[in-house]
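Asker: Quick one: structure below, then a few questions.
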Amino acid sequence: MPPDILLVRFSAMGDILLMTPLLRALRQRHPEARITVVTRAVFAPLLDRNPRVTEVIGWAPGRSLRELGAALGRRAFTHRLDLHGGLRSRMLRWYAGGRWSGYPKHRVARTVLIKTRRNFYRDLRPVAERYFDAARGLDVRPDGGPLEFFLAAPALAAGGEFLARNGLGVTRQLLALAPGAAHFTKRWPPHHWKALVRLLIAGGNDVVLVGGPADRELCGAMAAAGGERVVSAAGKFNIPGTAALLKRARALVSGDTGVMHLATAVGTPVVALFGPTVEAFGFSPYHAKAAVLQRELPCRPCSSHGTAACPLKHHRCLQDLQPDQVLEALRRLPR
């Protein structure tokens, strides 16, 4: 009988996209398997067109986890994989019952590295490959391929229409910038972004700024300062629409964010700016055409996800990364 596999990962964008190599391997090894993914409803579009997945269950905060767990418990899954490893997924496991497997999050090594700068990481695999440990009973291995995001024709058309309407990417190379991040310490300073925009425009490029509703003000100010060759799409597109813009770009410049992973999932090269986080955590661009720019400082890493303020009040990890360094990294990116 083909396996009936349940995978749980509630958030966030990058973590869910990092599941896609495992989903691909599961489908290739078990073509007849039923593969169900539970995630937050807001992130369901990351997977709902993925041909490796049979069903995506979108959970909205406020909906009863007990009811969701009970519904899952009535299904005869042969394998249950917890790829979240947090309180919410542990509660769901309790309500659903059955045997579950997980993967190593290395919380102790991560905390020690942040608090003492002593590196006890022995497992240097990216998170995308650590996920495979949860599927150890399913005989799958990483295939060396990239993350995946599957775009529908309407999203591609909407992205193309937006760019054409604004005259971007017609005769000039299009570059995408994602200046936003959930936490302040992951954000490259606005004056650096504005300087980079000036360099890119002077070099004959067009620029599209991408992000969510929270990034509208920042991206709007950058677009206003950059002139007609710079347009903000922040808050104007959903996940597939943003992915469509990224796919049409020559490259993306971004912090350590979900948009960085979305770009790699549609095959767009990336220059990633790492500040408070480090590659040892396992979230650098996965099997992608990418350059990671970072400063080797004794205060790094200072957090696992970024914080509202620099603990030392200087934010040198990103302040010290200069626009001309980013420009040079863009020039060196493979096509």
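Numbering-wise (numbering that gives the first Met the number 0), the sequence shown opens with residue 0 and increments by one.
Even for Gly, the Cβ is constructed at its ideal location relative to N, Cα and C.
Check whether the region 163 to 176 touches the region 237 to 257, taking contact to mean three or more Cβ pairs, one atom from each stretch, closer than 8 Å.
Answerer: yes
Asker: May I have the straight-line CA-CA distance separating residue 229 from residue 330, to the nearest angstrom?
Answerer: 19 Å
Asker: Whose C-beta lies closer than 8 Å to the C-beta of residue 308 among residues of the same chain, with five residues either side of it excluded?
Answerer: Answer for residue 308: 183 and 184, listed in chain order.
Asker: Between which two residues does the alpha helix (DSSP H) holding residue 163 run?
Answerer: 152 to 164
Asker: Buried or exposed: residue 295, going by 16 or more other Cβ atoms within 10 Å of its Cβ?
Answerer: exposed
Asker: Anyone know if the C-beta pair for residue 130 and residue 94 falls short of 7 Å?
Answerer: no
Asker: Look at residue 246 and residue 270 and say whether their C-beta atoms are less than 7 Å apart.
Answerer: no
Asker: For the ligand MN, I want to know if residue 328 counts as a neighbour, meaning its beta carbon is within less than 6 Å of at least one of the ligand's heavy atoms.
Answerer: This structure simply doesn't include the ligand MN, nor any ligand for that matter.
Asker: Would you list, in sequence order, the uninterrupted alpha helix (DSSP H) runs of no fewer than 4 residues that lie entirely inside the region 221 to 284?
Answerer: 238 to 247 and 257 to 264
Asker: Determine the direct distance from the alpha carbon of residue 272 to that of residue 335, and round the result to whole angstroms.
Answerer: Outside the shown range of the chain, which is 0 to 334, sits residue 335, and nothing can be said about it.
Asker: Considering only the alpha carbon of each residue, which of 118, 319, 180 and 32 lies closest to residue 11?
Answerer: 180
Asker: Going by C-alpha to C-alpha distance, which of 285, 293 and 236 sits closest to residue 123?
Answerer: Among 285, 293 and 236, the Cα nearest to that of residue 123 belongs to 285.
Asker: Would you mind sorting residue 107 into buried or exposed? The rule is 16 or more other CB atoms within 10 Å of its CB.
Answerer: exposed
Asker: Mind checking whether residue 274 and residue 316 have CB atoms under 7 Å apart?
Answerer: yes
Asker: When you compare only the Cα positions, how much space is there between residue 22 and residue 126?
Answerer: 14 Å
Asker: Can you tell me the Cα-Cα spacing of residue 78 and residue 99, whole angstroms?
Answerer: 7 Å
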